[in-house]
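Here is the structure we will look at, set down as structure tokens.
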Amino acid sequence: MPKPNYGFAKRQRELEKKRKKEEKAMKKDAPPDQAEASPSQPEGETEAVTKTETE
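In structure tokens, the structure reads:
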């Protein structure tokens, strides 16, 4: 049975942390109107949620 490659796993975790940190910095630097709508949600769904919350 081969030994686990702990160095590879550690590097992958570090890369994931770096990627998340960069995404967070990009969101912070984005203009306010773009920061409200997340890229994973279409704009139509964002508006529907806002209308429901205000009612």
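Quick note: the sequence shown uses numbering that gives the first Met the number 0, first residue 0, plus one each step. From the three backbone atoms N, C-alpha and C, an ideal C-beta is built for every residue, glycine too. Just so you know, these numbers come straight off a predicted model, no measurement behind them.
{"Check": "Mapping the DSSP letters down to three states, classify Pro-3 as helix, strand or coil.", "Outcome": "coil"}
{"Check": "So what does DSSP say about Ala-8, is it helix, strand or coil?", "Outcome": "helix"}
{"Check": "How many Å lie between Gln-11 and Pro-3 at the Cα?", "Outcome": "14 Å"}
{"Check": "Using the three-state DSSP reduction, which class does Ala-24 fall into: helix, strand or coil?", "Outcome": "helix"}
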